[in-house]
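Everything on this sheet refers to the single structure shown next.
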Amino acid sequence: MWMKDTSIPLSLAFLKDDGMILEIFYLEPFSKSSVCSSNEVRFALEVNRGWFRKIM
Numbered sequence: 006m007w008m009k010d011t012s013i014p015l016s017l018a019f020l021k022d023d024g025m026i027l028e029i030f031y032l033e034p035f036s037k038s039s040v041c042s043s044n045e046v047r048f049a050l051e052v053n054r055g056w057f058r059k060i061m
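In structure tokens form, the structure reads like this:
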């Protein structure tokens, strides 16, 4: 995942099959750096930055 054409900061979570969050990354607008999970995952969920902190 990368943020090349995205103008807002996002949080990115990688999840297992059962929905358990394995990793969360905080992504910067317009960044060309790619982000990959270090684990085998089923889903990637992008949300507004800070959303995970509010629900956890």
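Mapping of the sequence shown onto my numbering: position 29 corresponds to residue 34, and the numbering continues sequentially without gaps. Built from N, CA and C at the ideal position, the CB exists for glycine as well. Remember, it's a predicted structure, so these values are computed and weren't measured experimentally.
To which residues of the same chain is residue i closer than 7 Å at the C-beta, ignoring the five residues directly before and after it?
| i | result |
| --- | --- |
| E33 | M8 and P14 |
Report all residues from its chain with a CB closer than 6 Å to the CB of residue i; omit the five preceding and five following residues, and keep chain order.
| i | result |
| --- | --- |
| F30 | L17 and V40 |
| V52 | S16 |
| F57 | S16 and I29 |
Beta carbon of residue i: closer than 8 Å to some heavy atom of the ligand MG?
| i | result |
| --- | --- |
| G55 | You won't find the ligand MG in this model; it holds no ligand whatsoever. |
Taking 8 Å as the limit between beta carbons, can you name the residues of its chain near residue i, skipping five residues before and five after?
| i | result |
| --- | --- |
| S36 | W7, M8 and K9 |
| S42 | F19, L27, E28 and A49 |
Looking at the secondary structure, which residues open and close the alpha helix (DSSP H) in which residue i lies?
| i | result |
| --- | --- |
| I60 | W56 to I60 |
Go ahead and pull the three-state DSSP assignment for residue i.
| i | result |
| --- | --- |
| E33 | coil |
| I13 | coil |
For the beta strand (DSSP E) that contains residue i, what are its first and last residues?
| i | result |
| --- | --- |
| E51 | F48 to N53 |
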